[in-house]
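Order-wise, the sequence lines are chains H and D.
All the letters of the first sequence, read from the start, carry residue numbers 16 to 334 under this note's numbering.
All the letters of the second sequence, read from the start, carry residue numbers 16 to 334 under this note's numbering.
Structure record follows, encoded as structure tokens.
Protein chains: 2
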Amino acid sequence: MKGTVGELGEFGLIRELTSRLTTTPAVQLGPGDDAAVVAAPDRRVVATTDVLLEGRHFRRDWSTAYDVGRKSAAQNLADVAAMGAVPTALLLGLVVPADLPATWPVELMDGLRDECHVAGAAVVGGDVVRGETITVAITALGDLRNREPVTRAGARPGDIVAVTGWLGWSAAGYAVLSRGFRSPRAFVEAHRRPEPPYHAGPAAAELGATAMTDVSDGLVADLGHIAAASGVCIDVTSGDLDIPAQMTDIGQAVGVDPLQWVLTGGEDHALVATFPQSTKLPARWRMIGRVDKALSTPQVTVDGAPWDKAGGWDHFGDD
Amino acid sequence: MKGTVGELGEFGLIRELTSRLTTTPAVQLGPGDDAAVVAAPDRRVVATTDVLLEGRHFRRDWSTAYDVGRKSAAQNLADVAAMGAVPTALLLGLVVPADLPATWPVELMDGLRDECHVAGAAVVGGDVVRGETITVAITALGDLRNREPVTRAGARPGDIVAVTGWLGWSAAGYAVLSRGFRSPRAFVEAHRRPEPPYHAGPAAAELGATAMTDVSDGLVADLGHIAAASGVCIDVTSGDLDIPAQMTDIGQAVGVDPLQWVLTGGEDHALVATFPQSTKLPARWRMIGRVDKALSTPQVTVDGAPWDKAGGWDHFGDD
Numbered sequence: 016m017k018g019t020v021g022e023l024g025e026f027g028l029i030r031e032l033t034s035r036l037t038t039t040p041a042v043q044l045g046p047g048d049d050a051a052v053v054a055a056p057d058r059r060v061v062a063t064t065d066v067l068l069e070g071r072h073f074r075r076d077w078s079t080a081y082d083v084g085r086k087s088a089a090q091n092l093a094d095v096a097a098m099g100a101v102p103t104a105l106l107l108g109l110v111v112p113a114d115l116p117a118t119w120p121v122e123l124m125d126g127l128r129d130e131c132h133v134a135g136a137a138v139v140g141g142d143v144v145r146g147e148t149i150t151v152a153i154t155a156l157g158d159l160r161n162r163e164p165v166t167r168a169g170a171r172p173g174d175i176v177a178v179t180g181w182l183g184w185s186a187a188g189y190a191v192l193s194r195g196f197r198s199p200r201a202f203v204e205a206h207r208r209p210e211p212p213y214h215a216g217p218a219a220a221e222l223g224a225t226a227m228t229d230v231s232d233g234l235v236a237d238l239g240h241i242a243a244a245s246g247v248c249i250d251v252t253s254g255d256l257d258i259p260a261q262m263t264d265i266g267q268a269v270g271v272d273p274l275q276w277v278l279t280g281g282e283d284h285a286l287v288a289t290f291p292q293s294t295k296l297p298a299r300w301r302m303i304g305r306v307d308k309a310l311s312t313p314q315v316t317v318d319g320a321p322w323d324k325a326g327g328w329d330h331f332g333d334d
Numbered sequence: 016m017k018g019t020v021g022e023l024g025e026f027g028l029i030r031e032l033t034s035r036l037t038t039t040p041a042v043q044l045g046p047g048d049d050a051a052v053v054a055a056p057d058r059r060v061v062a063t064t065d066v067l068l069e070g071r072h073f074r075r076d077w078s079t080a081y082d083v084g085r086k087s088a089a090q091n092l093a094d095v096a097a098m099g100a101v102p103t104a105l106l107l108g109l110v111v112p113a114d115l116p117a118t119w120p121v122e123l124m125d126g127l128r129d130e131c132h133v134a135g136a137a138v139v140g141g142d143v144v145r146g147e148t149i150t151v152a153i154t155a156l157g158d159l160r161n162r163e164p165v166t167r168a169g170a171r172p173g174d175i176v177a178v179t180g181w182l183g184w185s186a187a188g189y190a191v192l193s194r195g196f197r198s199p200r201a202f203v204e205a206h207r208r209p210e211p212p213y214h215a216g217p218a219a220a221e222l223g224a225t226a227m228t229d230v231s232d233g234l235v236a237d238l239g240h241i242a243a244a245s246g247v248c249i250d251v252t253s254g255d256l257d258i259p260a261q262m263t264d265i266g267q268a269v270g271v272d273p274l275q276w277v278l279t280g281g282e283d284h285a286l287v288a289t290f291p292q293s294t295k296l297p298a299r300w301r302m303i304g305r306v307d308k309a310l311s312t313p314q315v316t317v318d319g320a321p322w323d324k325a326g327g328w329d330h331f332g333d334d
């Protein structure tokens, strides 16, 4: 495809974007009307929204449009999975400059479509407008399959804390990229295109998870949300965290303790959940800590002490 | 409230925004978790997304934050109503500059909340990020109440075309504002804060509407979407359109044929629908035309002839 989105025009671009989409049985009415219609067999729908900005959440020189599509879909679909729900649909609000090559939004849509496919969902609608800054606003929907949603508020003293998916890989990849390197490839890829364990969300709900969230702000920060919502303290045992040898190598090369990435790196969209102590965790879940009573204020500790290094991710911060 | 959104911080701002929200029985889990949970009693959910940008879709010197909230909610909730559905929920993706007074997003949220209340819905979730241009990305959800969705594709030759709500008022108000005036107030208000006839959407579905859309791009353009999707021609009888005397006065003052506003002005979010010929239209619906067979290509005519003045609204255009 040649030309810019301005040359293609609004309706031309929408035609290009929608022509690339695939569907699922849950999509009763796809793009092209005033609204889409999506099956909600459970009589409830799970819904979540995120906004990604060029320069803030992605860089065109670090990530292809396709990767931005995969990643922005992933972070929303992971939020759905973190409720214990099965993702069904995704809507896209897209701001693009008129001089942007038309291939960019088209490849973005390919990425959204493919990530939706991995999660079992489909892109069902959207809106495209012209503006200065590329902005990707995603809404994802999901179905609870007749289970109660797993919120952040249900962790109880005595529960175990477990995680599945990747921790710190995206942060290590970011560190590599920000120093001008393109390898090790596995970590750079993890930064460009996270792989949330979608299936594990509903499986954890089935298994009786008492609280769950996806790790988007960093493990300590996101466990902090569970601790605050549940009114508990959570202690993480650092020795139970998986720090691959290659991550340690990168840490030595760039002068960062890899534990920092694992504890505070977001964007891998691992799932972290609390379970009753007696739960037999499936193979891909790793126990990493315990829930205790909140003595004064709910908080997260690592090996019994507050984790005081810089952590979390405030989107209004200056980093 | 004092200070900027940067001073308030991401979590401070989110606290302020969510503290102002009200809820409905359909909201099973509101803001604050990974995702919201909304009732979908019909086992299907209607979903639509729109993006509004400062400078392109609203101006801070013309509209208050509250009005932008009302308007951006209205245009999405109207899309839900245009499917014949009852709006249930709204999600907000918001981009704000760090130096924006914190009162702005707070009053925006008040507007979203109040417009949702008018439509019977509630704000259930969102995301706030820092960026250069104020961007309001809205997703609205709705419930079909066990009726089939009224798409754009069901108009049949012989159907009548009818409209309810306001046509051309927002465009006339825009003309007034763009010439530096602030009155007549009713038209300026119509531009700042449309009043879509939400209840009329589900009522039209109940009445057997064969196709429906909300007028967001202009009557001729939006009927064009119905004509194209249904494979029919539509003729509008201009004498059956309501052109209030005051709109004629404004037209004379600014040198514009008010019929132009009524036929091509969007943003009032009137509902236009086709019905079987025998339908007894309720009082607030006005018959304005007829559906005919498409002889060659589907098109919309006014009094039997193509409407060739500038119309519609291409968001990539230079206006």
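All residues carry an ideal CB built from backbone N, CA and C; glycine is no exception.
What number of angstroms, rounded off, separates the C-alpha of residue i from the C-alpha of residue j?
i        : j        : result
Ala62/D  : Ala155/D : 6 Å
Asp49/D  : Arg301/H : 21 Å
Ala268/H : Met262/H : 10 Å
Lys17/D  : Pro112/D : 16 Å
Glu22/H  : Thr118/H : 12 Å
Cys131/D : Gly108/D : 16 Å
Val52/D  : Leu105/H : 15 Å
Gly332/H : Gly24/D  : Only weak support is given to the placement of Gly332/H: the predicted model assigns it a pLDDT of 43, under 50, and the question is left unresolved by the model.
Gln292/H : Ala96/H  : 22 Å
Gln43/H  : Ala54/H  : 7 Å
Gly319/H : Asp158/D : 48 Å
Thr33/H  : Ile153/H : 16 Å
Arg305/D : Ala226/H : 57 Å
Val60/H  : Val60/D  : 7 Å
Asp57/H  : Arg58/D  : 6 Å
Gly146/H : Thr19/H  : 13 Å
Arg35/H  : Leu127/H : 10 Å
Pro116/D : Leu28/D  : 11 Å
Thr221/D : Ile303/D : Correcting the residue identity first, residue 221/D is Glu in this sequence and not Thr. So the alpha carbons of these two residues sit roughly 20 Å apart.
Ala41/D  : Glu163/H : 15 Å
So residue i and residue j are in contact, right, with Cβ under 8 Å, and what is the actual spacing, rounded?
i        : j        : result
Val83/H  : Val144/D : In fact, because the Cβ distance is near 15 Å, the residues do not count as touching under 8 Å.
Ala80/D  : Glu122/D : 4 Å
Leu234/D : Leu182/D : 6 Å
Lys308/H : Pro211/H : Incorrect: roughly 31 Å between the Cβ atoms, too far for contact.
Within 10 angstroms of the Cβ of residue i, are there 16 or more other Cβ atoms? Answer buried if so, exposed if not.
i        : result
Phe26/H  : exposed
Gln314/D : buried
Lys335/H : There is no way to answer for residue 335/H, as the model of chain H reaches only from 16 to 334.
Asn161/H : exposed
Ser198/H : exposed
Ser185/H : buried
Thr64/H  : buried
Pro321/H : exposed
Measure from the C-beta of residue i to each C-beta in chain D and report whether the shortest distance is under 9 Å.
i        : result
Gly332/H : Because Gly332/H sits at a pLDDT of 43, beneath the cut-off of 50, its placement in the model cannot be relied upon, and the following sentence gives the value as read from the coordinates. So, interface residue.
Pro164/H : yes
Ala268/H : no
Asp174/H : no
Met227/H : yes
Pro56/H  : yes
Ile249/H : no
Thr79/H  : no
Gly141/H : yes
Thr154/H : yes
Give every residue of the same chain whose Cβ lies closer than 6 Å to the Cβ of residue i, excluding the five residues on either side of it in the sequence, and list them in chain order.
i        : result
Ala187/D : Phe202, Met262, Ile265 and Trp276
Trp77/D  : Leu192
Pro46/H  : Thr33 and Gly140
Val133/H : none
Between residue i and chain H, is there a C-beta pair that is closer than 9 Å?
i        : result
Glu147/D : yes
His214/D : no
His206/D : no
Ala88/D  : no
Ala104/D : yes
Leu182/D : no
Arg74/D  : no
Thr179/D : no
Leu109/D : yes
Ordered along the chain, which non-local residues of its own chain (more than five positions away) have a Cβ less than 7 Å from that of residue i?
i        : result
Ala168/H : Ala226, Ala244 and Ser245
For residue i, which residues of its own chain have a beta-carbon under 8 Å away from its beta-carbon, when the five flanking residues on both sides are left out?
i        : result
Gly135/H : Thr39, Val101, Pro102, Thr103 and Tyr213
Leu286/D : Ala93, Ala96, Ala97, Val178, Thr179, Gly180, Pro211, Pro212, Ala215, Gly216, Ala219, Met227, Thr228, Asp229 and Val230
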